[in-house]
Structure formats: structure tokens, C-alpha cells
Amino acid sequence: MQDTVDGVGFEYEMQSGFAPTVLFLHGWGGGLASFAGAYGKVCDLGFAAVNFAFPKDMPSDWGIYDYAAHVRAFTEKFDIKAPIIVGHSFGGRVGMILAAQGLCEKLVLVDSAGLKPKFDIKKKIAVARYRYRVKHGKPLDGFGSIDYNNMSKDKRGVFVRVVNTHLDKLMRYIKCPTLIVWGKDDKDTPPYMAKRLKRGIPNSELVFLDGGHYSYIDSDYGFANTLKRFITE
1 MQDTVDGVGF
11 EYEMQSGFAP
21 TVLFLHGWGG
31 GLASFAGAYG
41 KVCDLGFAAV
51 NFAFPKDMPS
61 DWGIYDYAAH
71 VRAFTEKFDI
81 KAPIIVGHSF
91 GGRVGMILAA
101 QGLCEKLVLV
111 DSAGLKPKFD
121 IKKKIAVARY
131 RYRVKHGKPL
141 DGFGSIDYNN
151 MSKDKRGVFV
161 RVVNTHLDKL
171 MRYIKCPTLI
181 VWGKDDKDTP
191 PYMAKRLKRG
201 IPNSELVFLD
211 GGHYSYIDSD
221 YGFANTLKRF
231 ITE
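Numbered per the working numbering, the sequence shown spans residues 1 to 233.
Structure, rendered in C-alpha cells:
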């Protein structure tokens with residue numbers, strides 16, 4: 001299904017059922033297919049569920065808090081109160097913001113982004129070279145992540161604002177029960193981030209699964225069972 005909030009279009013799937021609603025928020029560049037398996041399993045349990053796809057054509061001045069406001073407006077439009085938010089990577093960023101605002105009953109962070117990363121010397125050199133090229137108007141071919149380079153030039157500022165907004169200070173404001181699920185071999189958001197989330201979010205638990213950044217797919221059976229336990233307890 002398709003709809004708009006404040007003139008910005010998005011896609012979603014929704015099933016009615018037992019409260020609370022389980023709201024799935026995919027990672028950067030994903031869509032409805034990203035959480036299709038987990039969404040289907042939750043629907044099979046009889047819970048109300050929403051599989052939400054972030055806008056593909058967002059305003060060029062957006063940052064991460066605009067995405068969070070967009071999801072909040074969506075829940076208000078459809079009268080979804082205090083959902084259980086399940087966010088992967090980028091979706092975890094949005095989930096953290098909404099949880100810190102007291103807008104969800106429970107939070108599930110799956111290989112979530114949002115914390116300030118450690119930088120080794122190679123990354124520092126790469127960042128310095130990138131900034132030099134930007135300052136002097138030199139070509140940026142070969143620089144930037146795949147996600148960055150796949151975006152149109154007028155939207156790249158959105159990606160830069162998102163990844164440069166660190167949410168470490170929000171952790172202490174997340175008071176709802178929080179499940180942190182992480183791939184043992186995650187290279188994009190390494191396991192030290194999961195441990196930092198566990199220390200920083202007061203009412204949280206951490207579960208490691210076999211797999212990488214897409215642990216909910218790499219260990220789909222284990223993820224489904226862990227999620228089922230958390231949302232039903």
C-alpha cells in the first residue's frame with residue numbers, strides 16, 4: 001500500500017491483530033522486502049504488525065530526526081499507539097529517537113547504527129583526503145560508501161547528515177524494555193557497538209547471533225524465536 005504524510009510518499013504493509021503493534025523499520029536502502037520474513041512470522045502469531053518502508057524521494061534537507069518525525073506522523077495518522085519498534089541498522093537510529101521520546105512500548109535494535117564509531121588511522125587518513133578534495137573542488141570518484149555513491153547528488157547531503165548525527169546521548173533516555181540483537185561477525189556496525197548500547201540503555205538485554213550485519217536473515221530462525229519471546233513476555 002502507498003500513502004503520504006505531509007506530502008512525502010511511502011509504502012507499508014499492515015495487519016490488524018493483538019496489541020501492541022509491532023512496527024518494522026528497515027535499514028538504509030531497503031524496503032518492504034527487507035523485513036518480509038520477520039513481519040510474516042509476527043502476523044502468524046496474531047499480533048498487529050506494520051512493515052514500513054522509508055520514503056525513497058525524501059526532501060533534500062532531511063536528517064535523521066526528520067525521518068523519525070515522519071514515522072511518528074505515520075503512527076499518529078493510523079492511530080498506532082506505543083508500538084514495539086524493530087529497527088535494523090538505519091531503522092535502529094529512528095527507533096532510538098522514538099524510544100527516547102517515550103513513543104514505544106518496547107524497542108528491538110538489530111545491528112543498529114547511530115553510535116559514534118571508533119576511527120583507526122586508515123579511516124582518519126581517508127576522511128582527511130575526502131575533506132581536502134571537497135574543499136578544493138576535486139573529483140570524488142572512489143570516495144564515499146556504496147550507499148553514498150548510489151544516491152543522486154542532490155540527496156547525498158541527506159546521507160551525510162544521517163551518518164554524522166550520533167545518538168549516543170539518547171541512550172540514557174530510553175526507558176522501555178530494549179532487546180539488542182547483533183551478528184557476531186558484523187563488520188558494518190561492529191559488536192563493540194552492541195556492548196556500548198547494552199551499557200548505555202538501562203533496561204536492555206543483548207543477544208548475539210551467528211552472522212554479519214544482516215543477522216536477522218543470517219540466523220533467521222534464531223532471530224524469530226528471540227523476537228517472539230521478547231514481544232510475548
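Every residue gets a Cβ at the ideal spot worked out from N, C-alpha and C, and that includes glycine. As the structure is a prediction and not an experimental result, all values here were calculated from the model.
> Leaving out five residues before and five after Met-1 in sequence, what residues of the same chain have Cβ atoms less than 8 Å from its Cβ?
Replying inline: What you label residue 1 is simply residue 1 of the sequence shown in a count that begins at 1. If we look at Met-1 and ignore the five residues flanking it on each side, its Cβ neighbours are Glu-11, Tyr-12, Glu-13 and Met-14.
> Any idea what DSSP makes of Asn-164, helix, strand or coil?
Replying inline: Along the sequence shown, one-based indexing puts residue 164 at 164. The answer is coil: DSSP assigns Asn-164 none of H, G, I, E or B.
> Does the beta-carbon distance from Phe-74 to Asn-51 come in below 8 Å?
Replying inline: As a working mapping, residue 74 is identified with position 74 in the sequence shown. As a working mapping, residue 51 is identified with position 51 in the sequence shown. Their beta carbons are not under 8 Å apart, which means Phe-74 does not touch Asn-51 by this criterion.
>> In the DSSP output, what is Ala-49 paired with across the bridge?
In response: Locating residue 49 in the sequence shown gives position 49, where the first residue counts as 1. Within the DSSP secondary-structure output, Ala-49 pairs in a beta bridge with Gln-15 and Val-22.
> Roughly how many angstroms separate the alpha carbons of Gly-17 and Leu-32, rounded to a whole number?
Replying inline: Here residue 17 refers to the residue found at position 17 of the sequence shown. Here residue 32 refers to the residue found at position 32 of the sequence shown. Approximately 19 Å between the Cα atoms of the pair.
> Pick from Leu-23, Ala-194 and Arg-229: whose alpha carbon is nearest that of Leu-115?
Replying inline: On the sequence shown, residue 115 is found 115 positions in, with the first residue counted as 1. Residue Ala-194 is the option with its Cα nearest to Leu-115.
> If we ignore side chains and look at the alpha-carbon of each, how far apart do Pro-55 and Asp-3 end up?
Replying inline: What you label residue 55 is simply residue 55 of the sequence shown in a count that begins at 1. What you label residue 3 is simply residue 3 of the sequence shown in a count that begins at 1. Spanning the two alpha carbons is a distance of roughly 10 Å.
>> Between the segment 91 to 109 and the segment 173 to 193, can you find at least three pairs of beta-carbon atoms closer than 8 Å?
In response: Output reads yes: the segment 91 to 109 touches the segment 173 to 193.
> Going straight from the alpha carbon of Gly-102 to that of Asn-203, what length do you get?
Replying inline: To locate residue 102, count along the sequence shown from 1; it is residue 102. To locate residue 203, count along the sequence shown from 1; it is residue 203. If you take the alpha carbons of Gly-102 and Asn-203, they lie about 14 Å apart.
> From Val-22, Gly-37 and Pro-59, pick the residue whose C-alpha is nearest to that of Gly-9; which is it?
Replying inline: In the sequence shown, residue 9 corresponds to position 9, counting from 1. Measuring from the Cα of Gly-9, the nearest candidate turns out to be Pro-59.
>> Is it buried or exposed, Arg-93, if we count other Cβ atoms within 10 angstroms and call 16 or more buried?
In response: Taking the first residue of the sequence shown as 1, we reach residue 93 at position 93. Buried, since its Cβ has 16 or more Cβ neighbours within 10 Å.
> Got a sec? Which residues, its chain only, sit under 8 Å from Asp-66 by beta carbon, not counting five neighbours each side?
Replying inline: Against the sequence shown, residue 66 aligns to sequence position 66. Closer than 8 Å at the Cβ level, and outside the excluded window around Asp-66, lie Met-58 and Pro-59.
>> So, with DSSP's three-state summary, where would you put Phe-35?
In response: Here residue 35 corresponds to residue number 35 of the sequence shown, with the count starting at 1. The DSSP-derived three-state label of Phe-35 is coil.
> When DSSP labels each residue in this structure, what does Leu-227 get in the three-state scheme?
Replying inline: Counted from its first residue, the sequence shown places residue 227 at position 227. It is helical.
> If you draw a straight line from the alpha carbon of Tyr-216 to that of Ile-80, how long is it in whole angstroms?
Replying inline: By 1-based counting over the sequence shown, the position of residue 216 is 216. By 1-based counting over the sequence shown, the position of residue 80 is 80. Distance between Tyr-216 and Ile-80, taken at the CA atoms: about 24 Å.
> Are the CB atoms of Met-96 and Leu-23 nearer to each other than 8 Å?
Replying inline: Counted from its first residue, the sequence shown places residue 96 at position 96. Counted from its first residue, the sequence shown places residue 23 at position 23. No, the Cβ-Cβ distance between Met-96 and Leu-23 is not below 8 Å.
> Between Asp-218 and Leu-197, what straight-line distance do the alpha-carbon atoms span, to the nearest angstrom?
Replying inline: Position 218 of the sequence shown holds residue 218. Position 197 of the sequence shown holds residue 197. Going by the C-alpha atoms only, they are around 21 Å apart.
> Around the Cβ of Tyr-214, are there at least 16 other Cβ atoms within 10 angstroms (buried) or fewer (exposed)?
Replying inline: If you number the sequence shown from 1, residue 214 lands on position 214. The C-beta of Tyr-214 has 16 or more other C-beta atoms within 10 Å across all chains shown, which makes the residue buried.
> Taking the runs of the alpha helix (DSSP H) that are 4 residues or longer, which of them lie wholly in the segment 62 to 99?
Replying inline: Here the runs fully enclosed are 64 to 77.
> Could you check where the beta strand (DSSP E) with Ser-204 kicks off and where it finishes?
Replying inline: Taking the sequence shown and counting its residues from 1, the one referred to as residue 204 is at position 204. From DSSP, the beta strand (DSSP E) with Ser-204 extends over 204 to 209.
>> Can you tell me whether Phe-10 is helix, strand or coil according to DSSP?
In response: Here residue 10 refers to the residue found at position 10 when the sequence shown is read from its first residue. It is a strand residue.
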